[in-house]
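Colleague: Before I ask anything, let me first share the structure, which is written out below as structure tokens.
Numbering (the numbering used here), first residue to last: 500 to 807.
Here it is, written out as structure tokens:
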């Protein structure tokens, strides 16, 4: 691994560091970072939805706080870099307010270009009683310019029919799909970190590392800085280290920073438990059998229709 050398981990931003874990307000860290340093800003800010680990504040105050962080994040991002803001909903007296809709105008005001509104779909979450249970959140991917890094080949996923070939024309007999796989689209099926997830810590809402790995691989090059203004227990730093990038982030909770450092140390010793990127999502045997039976019935129906 590239980290066979001992990584330099600092408590304040140091351009020569490999990892920066700052205990304190994120704006204090961001102001330490020079202009156009980061290849990628990726974060999941507090949603302020009244959970025990979040202090509920007025929605307008929340938006104003976010604008300050967004403005600094844009300043420290390279011209060919990206900003990914992963957000959910603000809940006010049972009414859902989608935060991506409220935050988009801030990015637009500063001239950023929205490239994708990525849907992160997961199988587990709170069970609602008076509305449908929410099972997705949003990642807004912005760039500062038209000339941005996008390494699609690094994140391609297996083709459904990898041996499919052209059946006519000048390419007849040749493979019709990309040999490295297909574009993963903007709907990502990645399990969230719940009690039975191998990466689970005390953090109630942590990033799965593989979610950030895909962004790191697609939107940065080796050696780039990946910065998470709300780093929590360090999943963003782990994804960056895994793929030869540098990482920096802040959190106001000391225990989270301690856990982030412990997780990085375990990673460097090859002992950190991770869910491998691209691992198929588990489906119970009875569900797999139902899906296979349904597919068989469908194909038989198609076959019978053609024979009529």
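Idealized CB from N, CA, C, for every residue including glycine.
Could you have a look at residue 739 and say whether DSSP puts it in helix, strand or coil?
Modeller: DSSP places residue 739 in helix when its eight states are reduced to three.
Colleague: Classify residue 636 as buried or exposed, calling it buried when 16 or more other Cβ atoms lie within 10 Å of its own Cβ.
Modeller: With 16 or more Cβ atoms within 10 Å of its Cβ, residue 636 is classed as buried.
Colleague: By DSSP's criteria, residue 635 is part of a beta bridge. Which residues make up the other side?
Modeller: Answer is 620.
Colleague: Less than 8 Å between the CB atoms is what I'm expecting for residue 518 and residue 506, so what's the real figure, rounded?
Modeller: About 6 Å separates the two Cβ atoms, so the contact holds.
Colleague: Considering Cα atoms alone, identify which of 776, 775, 750, 743 is closest to residue 538.
Modeller: Checked all of 776, 775, 750, 743; the closest Cα to residue 538 is 743.
Colleague: Kindly indicate which three-state DSSP category residue 611 falls into: helix, strand or coil?
Modeller: Coil at residue 611, not helix or strand.
Colleague: Are residue 753 and residue 522 touching if we call contact CB-CB under 8 Å?
Modeller: Against a cut-off of 8 Å, the Cβ pair of residue 522 and residue 753 comes out as a contact.
Colleague: Among 657, 610, 620, which one has its Cα closest to the Cα of residue 642?
Modeller: It is 610.
Colleague: Reducing DSSP to helix, strand and coil, say where residue 525 ends up.
Modeller: In the structure shown, residue 525 sits in a helix (DSSP, three-state: H, G or I).
Colleague: Let me confirm a value: residue 631 is counted as buried when at least 16 other C-beta atoms fall within 10 Å, else exposed. Which label applies?
Modeller: So residue 631 ends up on the exposed side.
Colleague: So, with DSSP's three-state summary, where would you put residue 591?
Modeller: DSSP places residue 591 in strand when its eight states are reduced to three.
Colleague: Buried or exposed: where does residue 686 fall if 16 or more other Cβ atoms within 10 Å of its Cβ makes it buried?
Modeller: Exposed, since its Cβ has fewer than 16 Cβ neighbours within 10 Å.
Colleague: Could you pull the start and end residues of the beta strand (DSSP E) that residue 540 belongs to?
Modeller: Looking at the DSSP string, the run of the beta strand (DSSP E) that includes residue 540 is 537-542.
Colleague: Bridge partners of residue 458, per DSSP?
Modeller: Nothing about residue 458 can be read from this structure; the chain reaches only from 500 to 807.
Colleague: Can you list the beta strand (DSSP E) stretches of 3 or more residues lying completely in the region 678-735, in chain order?
Modeller: If we require 3 residues or more, the beta strand (DSSP E) runs fully inside the region 678-735 come out as 686-688, 724-727.
Colleague: From the DSSP output, which residues share a beta bridge with residue 520?
Modeller: Partner(s): 748.
Colleague: Nearest CA to the CA of residue 718: which residue from 653, 758, 757, 709?
Modeller: Ranking 653, 758, 757, 709 by Cα distance to residue 718 puts 653 first.
Colleague: For residue 745, count the other beta carbons within 10 Å of its own beta carbon; 16 or more makes it buried, fewer makes it exposed. Which is it?
Modeller: When all chains shown are included, residue 745 counts as buried.
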